Structure formats: C-alpha cells, structure tokens
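Chains as they are written, first to last, in this note's numbering: chain A, 1030 to 1241; chain B, 60 to 276; chain C, 1105 to 1383.
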Amino acid sequence: MISVFQQHGQELLVGFGNTLLCSVIALFFSLIIGSTFAIFEAVPSRFLHIIGRVYIEVFRNIPLLVIGMFFYAVVPQYIVSIDGFTAGTIGLTLYTSAFIAETVRAGIQAVDEGQMEGARANGLTFMQAMRHIILPQAFRYVIPPLGNQFINMVKNSSVLAFVAGFDLMYQGDMIASTTFDTFNTYIAVGILYLVITLPLSYYMRYLEKKMD
Amino acid sequence: MSSFAEAYTWINFRFLLEGLWVTIEVSLVSIVLSFIIGSFLGIIRYIRAPFISGLFGVVIDLIRNLPLLLLIFFTYFGLPKIGIRMNPLAAAIAAMTVFESAMIAEIVRSGIKAVDTGQMEGARANGLTYWQALRVIVLPQALKKMIPPLVSQFISLIKDTSLATIIVLPELLYRAQIIYGQNTRYMIPMFLALAVMYFAVCYALSLVAARLEKTTG
Amino acid sequence: MKRLKNLLLLLCLILVVFSLNACGNKKDSAQNQSVWQKDKSTNTITWGVKADTRLFGLMDVKSGQIRGFDIDMAKAITKKVLGKSGHAKFVQVTSKTRIPLLKNKNIDAIIATMTITPDREKIVDFSQIYFAAGQSLMVKKGSQIKNIKDLNKDGTTVLAVKGSTSAVNVKKYAPKAKVLELEDYAQAFTALKSGQGEALTTDNGILFGIASENPAYHVVGGTFTKEPYGIAFDKGQGKMRNKVNAAITEMRRDGTYQKLLQKWFGNVAGFDLKEASQQ
C-alpha cells in the first residue's frame, strides 16, 4: 500500500486537491441556495412556501448520481458546454442545497418565535429581522449539522468519478485499472478520504457536546 | 418531442421496471439487514461495554467517513484478492449493509442518549433491572425519536443503490443507460423517467414515515 | 405485525444463503484450481462479455439478452469445447472491470474486444487472434479532424474508455491532446455527443458499430494501430487455452468463423472483412 503512495502519489494528490476544491465550492453555493429556500419556507407567503417545498423534495428524492449525469450528459448537448468537474460540482451543489435548506429551516424554527415578533415590534422589516436577529442565532444551532453535511459532501463528491471529474475516486480508479492492484489502491484512496472526513467528524461531535 | 413517444415503448418501460425491481430488492434487503445490525451495534455502543464498545466505535467511525462508492468498489474488486468473491448483487447488498449499519448504529446510539437519563434511573428505582429498563422504557421512546433520521437514512440508501451501476448491477440507472446508450435521442426521456421513478419510491417512503410519526407520536 | 415478522425471517434466510454462497466461493478459490476441470464438470463456461458494444456484445432491451460477434463466438467455442450440450454463461464486463473479474475468478475467460498486448500478456494468457482490429477515430460529420495527427494540438480533448489500449495509444500518437476516460462506450459516446471532446477513439469495429446507429457521426483516418483481439485466460490455465485455440482453428477451417464474421460485419459500410480475419 505504501508503494501505491510512492508510485502514484502525484495522481492521488491531484485527486485529493480536486475532491477538496469541489467540496468547498459546492459547500459555498449550496449554503447560499439552501439558506434562500429555507427562508422561503419561513416567509409568510404561500407561493414561496410551495416553491421551497418543491425544490427541496425534488432534489432530496433523486439520486445525486442521476443529477450529476444529467448535467454531464444532457446539459452540454442542449444548453451550455461544461466539463465533468463542473457538471459534478453543480450536481453536488443542487443535491446538497436541499439538505442544507432542511437543516437551516430547522435552525430557524429552533429560534424562539418571540424574537421575530420582538424585532418586528421594534420596527425592523421581516428581512432585516431575519438577517440580523434570526439567522445569526439559527446558524449557531446548525453548525454541527452543517458540518455533517460537509462531511457527506466530501464523501458524495466521489460521484465525480462517473463523469471524469478527476477527483480522488476517479484517480484511484484509474490507478487500479492500470496496475490491477485493486486491494491496496482502494485502501490508499480510503485513507485519503479519511484524512479529510475523520477529523471533521470528531470536531463536529465535540461541538455538539459543547452545545449541549 | 417525438423522441418521448419513441422512447416510452412498452419494451423499454418493462426493461426499466425490471431495473426498478432490482433497486427495490437491493434496498429492502439492505434496509432490513442494516437495521438489525445497526441497532445491535448502536446498543453496544450505548451500554459502554468495556473494550468492545470502543472497538466498534472506531470501526463504525471509519466506515461512516468513507464514501459508499469506495466501499462498493472495494467489496467487488478488492475483496476477491483475499478470497471473498461475490456477484454484483451480493456485493452491492454487502457493501450497502456495512455502510448503512454504521450510519444506523450512530443514529441508534444518539437516539438512546437523547432519552432522558432520569427515565433510566426512575425505572431502575422501581425495581427493573438495567436490561429490563433498557428494553421496556428506554428503547421504545428512543425508537420514536429515531424515526425521522432513520427514514432519511433509508431514503439515502434507496438513492445510493444507483451507485452499484458501476459494478454492473442491472438496477434502474444501469438499464436507463443501456437504453439511451443505444439511441442517444432517448436520453432526455430516460432521465425524466429515472427522476420520476426514484422520486416516486423515495417520496412515498417519506410520506409513510410522516404518517407513522404522527400515529406513534 | 405477523407479516412483518415473516418478511424479516425471509430476509434473514436470504442473508444466510448469501453468506453460505460467499463461503462456497471461498472454498474453490484455491489458487491453482483448473478452470478446465471445473467447466467440464459443470458443463458450463462463464464468459466475460461486453454489453454496451454494438456488433460485439450489446444488450437487447427487448429480450434482455446480449447479442453480438463476441457472444456468437463464445457460444460456438463452448459447443466445440464441451460438446453440443455445453452451456455458455455470460457475465457483463467493461474494459476496466474485465481483468479484475478474471483474476478474481468471477469469470473463466474474457471475450470482450480485448487487444493482445505485451503488457497484458504479463498478467493474463491469450488465445490466438480471433479478430484483427485497428484503432481509429470517430468524429461528428463536418469536423476539422481527419486523422490522428489533427488531434495532436493543445486544447483538443479525445474521449476513450477506462482500461482500454486506445487511451494509452492516444497518449503516444497525439501527446498534446488531453484524454478523458469514461466508464464504457455508451458513456464515451454520450460525452462525444455532448461536446466533452472532439473525437472518440477506440477500435474500428466498435466505432463502426456506433456510427451505424448514429448517422451524424463517422469513422475517419483509417486505422493507425494494430489491435489483434484475443480471448484472455488467467495465468496457469494452459489446458483451457489449448482447448479454445483448437476450437478457433477448427472454426476457421469448417467455415463457422467466416459465417459469423459475415453475419455481423458483412453489411457494415467501409469495413474490411479480410483485414479483420487476419491471423
């Protein structure tokens, strides 16, 4: 297994970098999109409620792989030419944003309702109250679950391997299919995933404990 | 638009439905197995048995933090190197069961933990043994708390069966690929069919769960 | 509740069967077990075949069966080796999965558009050549790319399939081009159609198969490598290999081989039957 690192360290490193890059980009955008739809559900508007609900349910109930392959295979033919990395990252963003929307929504609900009323009574608009009073508190509640979403995202980014996204899984797969040393290559790839996910996972558990 | 009419023939549709059945089959078996194994592991983690609880904890954490895709690959292509050989169906079920058991163990453990410790003490004070208290008082309450995360885990599992397409398991996604691989004009109709079928199964499960939650809660 | 119990019981049973199955597999994984002995006693040869490659091995949606030249060859060889009652079993493979599956003993032999190369001969044993292919290119009609040299430019992307010789060859003949490797031909062609690359490269026979169904695309530039296809066996299965070699020789002599070649490639425009049947 050490020999896998020695002989293919370069390729694995490229994959490792791409996996991290893709996860960070997807986290950033899915936070924005997810929070937006979460707010949709908090706004007193039936129309926005429905849009938010539909978006969340659609992307939560379709496999990420199907979404990613759609962006890789279909979108470039009819809409705009994008490569595998981009297609995979877009798929990952949309998929994860639905979960983040649910998480943030729960966070908003956890903030005392009286706070919103109080803020409104003090003359803030709904959006102002949301931005300055509710969301900052809600995000404190949701940091551990969001961290877990990020861990999921790193793991889920492995679907980039299906769309030639040059991520860690793709690189590992390429090494395995040329050296045929499947056993050790996949273990090496697994270790590299754990380097990212395991410390994060323990840190989130620590945060959860601290918040209790 | 004519590509829709051409793509949705009974022959193609039947081919897809057979794939959907494989998807459901793999999901069902994995759900049941991983629920049993996961609950068992979760309880062991909770009771803090010396040594085993810690050991299981480490293994569970390792598995939980790996991509399922990697586990599927490893099961099908890596394990035969040490003499464990499975066909794609068995490999998919084995990999999913291992992964989901670890996920469920964590859900079960935190579910039990979330039940007030006072309940356990109260039950013990009323003369129940530790095991009786666990079984009669703590677990039923914990189960109620666990239903939502368990169901979303099961939904994830159903969606994740699509990953097994990489080891040529003839499930839904694989079959759709076969169809549009032969005529790429069928691509959009096939993706639409995929989305609808997966959505129907997963959303139905979440509705059942919502009802279950209401009746038990 | 009772029904749930029964379901649980059933599923436990399935688990037991699976685990027994796994144990059973383990037992016969003894390293030097003869594939020939096993196949003779079970009267079955398990072939690894492609299911996504028109003309060689393609899943027929209607019947759920795989059909193609490789499949017919495998069936004919099975009959010659095991006798009329011999049974051919097919397991779907891709370029990437076939060698691991052979090494893992999931399959007895590979007949899946597999080129005989010195590198591969270090890992597996090949039969005699049963199809003489050559690597070629497929592009959209009207494309500027006419041959492999046109690809040797920065910024061009060539699509290939993981684990195939074509990917390696492109890196040699057009080192400046970027190579994207996909899971299988269906996905590689999908990628070509969606503009993920300028050309799809693989063996001519496979490309002709794709082009025959997709008139907007054509094969250009002739063949730039020789890709002799062989049937692959795990190392140390000499007996099996000899039996199969004898079967192919006999098929060439009695005309079965030519008939099969004609059946699958006779009507393909621009395909050279003579070249393909070279030994």
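Glycine included, C-beta positions come from ideal geometry on N, C-alpha and C. Keep in mind the model is a prediction, meaning the values are calculated, not measured.
Chain C contact residues for PRO1092 of chain A, given Cβ-Cβ distances below 9 Å: Simply none; closest approach about 16 Å.
Beta-ladder partner(s) of HIS1191 of chain C, from DSSP: Under DSSP, HIS1191 of chain C shares a beta bridge with C:THR1148.
Cβ separation of VAL197 of chain B and VAL174 of chain B, assumed to be a contact under 8 Å, to the nearest whole Å: Contact flag correct, Cβ pair sits at about 5 Å.
CB contact below 7 Å: ASN1208 of chain C versus chain B: Answer yes: the Cβ-Cβ gap between ASN1208 of chain C and chain B drops below 7 Å somewhere.
Cβ neighbour criterion (16 or more within 10 Å) applied to CYS1127 of chain C: Confidence at CYS1127 of chain C is low in this model, with a pLDDT of 44, below 50, so the placement of that residue is unreliable and no value is reported for it.
Where LYS140 of chain B falls: helix, strand or coil (DSSP): Residue state, collapsed to three classes: helix.
Separation of GLY1172 of chain C from THR1269 of chain C, as counted between CA atoms: If you take the alpha carbons of THR1269 of chain C and GLY1172 of chain C, they lie about 21 Å apart.
Min CB distance GLY78 of chain B to chain C below 7 Å: For GLY78 of chain B, no CB of chain C lies under 7 Å from its own CB, so it is not counted at the interface with that chain.
Cα-Cα separation, MET1240 of chain A to GLN1144 of chain A: In a straight line, the C-alpha of MET1240 of chain A is about 20 Å away from that of GLN1144 of chain A.
Sequence-distant residues of its chain with Cβ nearer than 6 Å to PRO147 of chain B (five each side left out): Closer than 6 Å at the Cβ level, and outside the excluded window around PRO147 of chain B, lie ILE226, VAL227, LEU228.
Cβ of ILE240 of chain B within 7 Å of any chain C Cβ: Checking the displayed sequence, the identity of residue 240 of chain B turns out to be Gly instead of Ile. Chain C contact via Cβ: present.
Backbone secondary structure at SER1240 of chain C - three-state DSSP: SER1240 of chain C: strand per DSSP, three-state reduction.
Contact with chain B by VAL1095 of chain A, beta-carbon distance below 7 Å: Proximity of VAL1095 of chain A to chain B, defined by a Cβ-Cβ separation below 7 Å, is satisfied.
Integer Cβ distance of ALA1237 of chain C from ASN1308 of chain C, believed to fall under 8 Å: The beta carbons of ALA1237 of chain C and ASN1308 of chain C sit about 6 Å from each other, so the pair counts as a contact at 8 Å.
Same chain only: Cβ atoms within 6 Å of ALA201 of chain B, ignoring 5 sequence neighbours per side: If we look at ALA201 of chain B and ignore the five residues flanking it on each side, its Cβ neighbours are GLY170, ILE171, VAL174.
Contacts around GLY1194 of chain A, its chain only, beta-carbon distance under 6 Å, and the 5 residues preceding and following it disregarded: Contacts found: GLY1113, PHE1114, GLY1117.
CB contact check: GLY137 of chain B to chain A, cutoff 7 Å: Chain A, which has a Cβ nearer than 7 Å to the Cβ of GLY137 of chain B, makes this yes.
Closest Cα partner of ILE1352 of chain C within the set C:ALA1295, C:VAL1283, C:THR1217, C:GLN1383: Measuring C-alpha to C-alpha distances from ILE1352 of chain C to each of C:ALA1295, C:VAL1283, C:THR1217, C:GLN1383 identifies C:GLN1383 as the nearest.
Cutoff 7 Å: ASP1156 of chain C Cβ touching any chain B Cβ: At least one chain B Cβ lies under 7 Å of ASP1156 of chain C.
Strand pairing of MET1159 of chain A, partner residues [DSSP]: Its beta-bridge partners do not exist; DSSP assigns none.
Chain-order list of residues whose beta-carbon lies under 8 Å from that of GLY1190 of chain C (same chain, five-residue window excluded): The beta carbon of GLY1190 of chain C sits closer than 8 Å to those of ASN1147, THR1148, ILE1149, THR1182, LYS1183, all from its chain and outside the five residues before and after it, given in chain order.
VAL1133 of chain A versus ALA1167 of chain A: straight-line alpha-carbon distance, rounded: VAL1133 of chain A and ALA1167 of chain A have their alpha carbons spaced roughly 7 Å apart.
Rounded straight-line distance, which links the Cα of HIS1037 of chain A to that of ILE214 of chain B: Rounded to the nearest angstrom, the gap between the Cα atoms of ILE214 of chain B and HIS1037 of chain A is 37 Å.
CA nearest to the CA of GLY1313 of chain C, picked from C:THR1360, C:GLN1137, C:VAL1262, C:LEU1162: Comparing Cα-Cα distances from GLY1313 of chain C to each of C:THR1360, C:GLN1137, C:VAL1262, C:LEU1162, the minimum goes to C:LEU1162.
Proximity test, Cβ basis, 7 Å: VAL1104 of chain A and chain B: So no, VAL1104 of chain A is outside the interface.
Pair within 7 Å by beta-carbon distance, ILE1215 of chain C and LEU1206 of chain C: No. Outside cutoff.
For GLY1161 of chain C, the first and last residue of its enclosing alpha helix (DSSP H): Counting along the chain, GLY1161 of chain C falls outside any alpha helix (DSSP H), though it belongs to the beta strand (DSSP E) covering 1161-1163.
Candidates B:GLY186, B:ALA259, B:SER160, B:ILE111, of which the one nearest VAL88 of chain B by Cα: Comparing alpha-carbon positions, the option among B:GLY186, B:ALA259, B:SER160, B:ILE111 lying closest to VAL88 of chain B turns out to be B:SER160.
Contacts of ALA1193 of chain A in chain C (Cβ-Cβ under 7 Å): Contact annotation for ALA1193 of chain A against chain C: LEU1284, GLU1285, LEU1286 [CB-CB distance below 7 Å, chain order].
At least three beta-carbon pairs within less than 8 Å, the segment 1322-1331 of chain C to the segment 1246-1259 of chain C: Result yes; three or more Cβ-Cβ pairs closer than 8 Å.
Chain B contact for PHE1088 of chain A (CB, 7 Å cutoff): For PHE1088 of chain A, the answer is no, since every Cβ of chain B falls outside 7 Å of its Cβ.
Collapsed DSSP secondary structure at TYR1101 of chain A in the structure displayed: In the structure shown, TYR1101 of chain A adopts helical secondary structure according to DSSP, grouped into three states.
CB of THR1260 of chain C within 7 Å of CB of GLU1302 of chain C, strictly: Going by C-beta atoms, THR1260 of chain C is nearer than 7 Å to GLU1302 of chain C.
Three-pair Cβ contact test at 8 Å for the segment 1141-1158 of chain A versus the segment 1180-1195 of chain A: Between the segment 1141-1158 of chain A and the segment 1180-1195 of chain A, the count of Cβ pairs shorter than 8 Å is below three; the stretches do not touch.
Residues of its chain near SER19 of chain B, where Cβ-Cβ distance is below 7 Å and the 5 sequence neighbours each way are ignored: Chain B is shown only over 60 to 276; residue 19 of chain B falls outside these bounds and no answer can be derived.
Candidates C:LYS1166, C:VAL1265, C:VAL1139, C:ASP1174: closest to LYS1367 of chain C by CA position: Looking at the Cα atoms, C:ASP1174 is the closest of the given residues.
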